[in-house]
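Those protein sequences? They're chains A and B, same order as listed.
Each residue of the first sequence is one higher than the one before, starting from 0 at the first, in numbering that gives the first Met the number 0.
Each residue of the second sequence is one higher than the one before, starting from 0 at the first, in numbering that gives the first Met the number 0.
Glycine is no exception: its CB is placed at the ideal position from the N, C-alpha and C atoms.
Keep in mind the model is a prediction, meaning the values are calculated, not measured.
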Amino acid sequence: MGKSVFLRRTGLIVTLLVCVALLVKVPALPPYYVRVADSILIYIILAVGLNIVVGYAGLLDLGFIAFYAVGAYTYAFLASGQFDIHLPFLIILLIGAGTGALAGILLGFPVLKLRGDYLAIVTLSFGEIIRILINNADDLTNGPQGIAALDRARIFGLPLISPTNFYFLLLILTIVVCGAVYFMERSILGKAWRALREDQDATRGLGINTTGLKLAAFAISAAIGGATGVIFSAFQRFVSPESFTFQESLLVVLIIIIGGVGNIVGIAAGAILLIILPEVLHFAAQYRLLIYGLVLVVVIVLRPNGLIPPAFNLGHVIRKIQALWLSPSNT
Amino acid sequence: MALTLEHVSKRFGSLVAIKDLSLTFERGAIYSIIGPNGAGKSTVVNMVAGSYTVTSGVIRLDAHVVSSLAKHQIARLGISRTYQNLRLFDGMSVLENLEVCFFTDSLPGLFRRGGHRMTKVERLKRCHACLHDFNLADVAENLAGDLPYGRQKVLELARAFVTDAPVVLLDEPAAGLNHTETKEMARRIASLKRSDRAIILVEHDMDLVMSISDRVDVLNHGELLYSGSPDAVRRNEKVQEAYLGTAAELDIVRKLTEGRRTSGGIRAHAGVVRH
Ligand SMILES: Nc1ncnc2c1ncn2[C@@H]1O[C@H](COP(=O)(O)OP(=O)(O)O)[C@@H](O)[C@H]1O
Ligand SMILES: [Mg+2]
């Protein structure tokens, strides 16, 4: 018994070390791979954010990318020659989270009486309205040309230049966001969201203001979208409306569905699959989308609950590690 | 200090479900609302709890006008309920089903309005104590949906009592329970009677109603037919007539007037679809 615990513990340490080593070693790859990794991290953060609304509160939001756009343009307005405002990156990161949350609440108020399909359609329209607004508000946004030559982001004086710099920034944000969201999932707030998802009326009967509860989900998720948009825009140093099409909203929802609704581990797996797949399929040229679609269909048919089973979630992983750590070893 | 219904009416389109109903429920007693199927019993519960709005009239709890508040505000005032058809959160654990009752108490002051913020430790203590009182401690971590039906009914009862609400509405707590479980439920509800709490019970099982109620209100076609002690209700002729309406219930009245308690428990709605 003691021996097997020792072996399993060693196995765990090796696995964790390999994971950390892999994550730290990504920047040693050619820049192309680092960019793909950056992209994966961005979509993990976005999907974990949207999952609060879709997975926890059970509300289908098809316009999530609008909040990402709000964050991206927040950086563009506050760190460029557009209005000649040049605020520090970290300040704008906070402001971006704030403007995202504000947009989430503004959208939330009128639509939260709706449920199911109706909510999905209204949020879809909201996403498109924001994009069309950006596309046409020439004085503010330069319309389709977008805003270029954004300031180079700096953190405590250190400039963020290469994809590698952003890789580490995104990695930290991913860990922070996943940790915070996991904490929320486990808290009484997460439990109230689950109750809301199961039976809204009974939840209200327990004295819970369900409108406020939904607004909280919208605001928190939109804040995450906004903050991610700020990083995206600081990374590209250019924003234009075409980055925020309905396809993008759909991709984030797909990541959640393919990975496993409500499951942070699943979402990470979903993001890896859906971002890497098109890259791998470059060889297939014009058949790329066809194969991409087929893979999605196969995944959905074989694993209707997502790639990662609901039981294998972050809590499960953490408990496994804890149990192995605390179990007596008398080797 | 009481829950009062003052000339309350409820219409669903052309159907008048409750007609000019006035009732007072004081703390410290168990009240039963009985009546044939479709009499409007659940409608009364739904109006008091805020699931339905009243068409006319006023419902008050002490100085508060309950009938103009939103459902969650009514619950915050201290009116809790169970449902005729179970409304547990099946995918959550038994413990979590109770924990969510304290969601609002656990929020930071900004979102809570008054009172002190309940800590996680306090919350868990309250919930575990309640689970213990309701004999559910052994299944605290089980999913509510996995419990046998009888225990789900008990959990719904526990959820209505965990917050110490001064008014608790129970819509058919014994429906679907077997004889032993019904006896157990009667004993349980009787033991929950407290001087600072009014329990309002809607129930078809006459043994249960007659054994634990301080007052029985009889509804028929949305109107109050009679209101009085269990013995007075049993003897009242108008009540007997109302129950003569359906063949299934004929038998019950006969047995009641004979003063005999049947061992199987009497169900006025035997074989009738519930709403
Ligand atoms: N939501 C509703 N919409 C329309 N009619 C309803 C609704 N709820 C109850 N009713 C009607 O009101 C009457 C009283 O119903 P209810 O209060 O459920 O009766 P009870 O609980 O006494 O069996 C019935 O005729 C029922 O069909
Ligand atoms: Mg009923």
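One alpha carbon belongs to valine 260 (chain A), the other to valine 153 (chain B), and they sit about 31 angstroms apart.
Leucine 2 (chain B) sits close to valine 47 (chain B), with the two beta carbons spaced by under 9 angstroms. Non-local C-beta neighbours of asparagine 312 (chain A) in its own chain, meaning closer than 7 angstroms and more than five positions away in sequence, comprise Asn262, Ile263, Val264, ordered along the chain. Scanning the region 213-286 of chain A for uninterrupted alpha helix (DSSP H) segments of 4 residues or longer gives 245-258, 263-279, listed from N- to C-terminal end.
Against chain A, the beta carbon of cysteine 126 (chain B) has no neighbour under 7 angstroms; the closest one sits roughly 11 angstroms away. A contact between stretches requires three or more CB pairs, one per stretch, nearer than 8 angstroms, and the region 220-231 of chain A meets this requirement with the region 66-79 of chain A. Note: threonine 54 (chain B) is not bridge-paired with any residue in the DSSP secondary-structure output. A direct Cα-to-Cα measurement between leucine 249 (chain A) and glycine 126 (chain A) gives close to 11 angstroms. Uninterrupted alpha helix (DSSP H) stretches at least 4 residues long and entirely within the region 103-146 of chain B occur at 108-111, 119-132, given in chain order.
The beta carbon of leucine 87 (chain B) falls within 9 angstroms of a beta carbon belonging to chain A, placing the residue at that interface. Secondary structure note for serine 8 (chain B): it is in no alpha helix (DSSP H), and the uninterrupted beta strand (DSSP E) holding it is 1-11.
If you measure from each CB to the nearest heavy atom of ligand 1, the residues under 5 angstroms come out as B:Phe11, B:Ala16, B:Asn36, B:Gly37, B:Ala38, B:Gly39, B:Lys40, B:Ser41, B:Thr42, B:His274.
Secondary-structure assignment with DSSP links phenylalanine 24 (chain B) through a beta bridge to B:Leu2.
Contact between the region 103-112 of chain A and the region 215-223 of chain A is present: three or more C-beta pairs spanning the two stretches fall below 8 angstroms.
Distance between glutamine 199 (chain A) and leucine 111 (chain A), taken at the CA atoms: about 12 angstroms. Annotation: aspartate 206 (chain B) to histidine 131 (chain B) spans about 27 angstroms, alpha carbon to alpha carbon.
Our two residues, leucine 188 (chain A) and phenylalanine 102 (chain B), have alpha carbons roughly 7 angstroms apart in a direct line. Comparing alpha carbon positions, the residue from A:Gln235, A:Phe76, A:Ala222, A:Val300 closest to leucine 159 (chain A) is A:Gln235.
In this chain, glycine 227 (chain B) is not harboured by any alpha helix (DSSP H); it is covered by the beta strand (DSSP E) spanning 222-227. Here threonine 162 (chain B) is buried. Its C-beta has 16 or more other C-beta atoms within 10 Å.
Note on the region 152-227 of chain B: whole beta strand (DSSP E) runs with a minimum of 3 residues are 166-170, 197-201, 214-219, 222-227, in chain order. Around the C-beta of arginine 150 (chain B), 16 or more other C-beta atoms lie within 10 Å, and the residue is accordingly described as buried. If you look at arginine 34 (chain A), you'll find it in the alpha helix (DSSP H) that goes 30-50. Bounds of the beta strand (DSSP E) holding arginine 80 (chain B) are 78-80.
Within the model, the alpha-carbon separation for glutamine 321 (chain A) versus serine 66 (chain B) is close to 51 angstroms. By the rule that beta-carbons nearer than 9 angstroms mark a contact, lysine 190 (chain A) touches chain B. Residue pairing of arginine 153 (chain A) in beta bridges, as defined by DSSP: A:Pro158. Taking a beta-carbon distance threshold of 9 angstroms, glutamate 184 (chain A) does not count as an interface residue toward chain B. With fewer than 16 neighbouring CB atoms inside 10 Å of its own CB, lysine 237 (chain B) falls in the exposed class. Taking the beta carbon of glycine 97 (chain A) as reference, no residue of chain B falls within 9 angstroms; the closest one sits roughly 17 angstroms away.
Taking 9 angstroms as the CB threshold, threonine 73 (chain A) stays off the interface with chain B. Taking the Cα positions, valine 201 (chain B) is about 18 angstroms away from valine 7 (chain B). Minimum Cα-Cα distance from proline 309 (chain A) among the listed residues A:Gly54, A:Ala148, A:Ile43 corresponds to A:Gly54. Burial state of glutamate 25 (chain B) is exposed, judged by a 10 Å Cβ sphere holding fewer than 16 other Cβ atoms. Ranked by Cα distance from valine 252 (chain A), the first of A:Arg7, A:Tyr291, A:Leu58, A:Leu15 is A:Leu58. Rounded to whole angstroms, the separation of the alpha carbons of glycine 27 (chain B) and serine 226 (chain B) is 17 angstroms.
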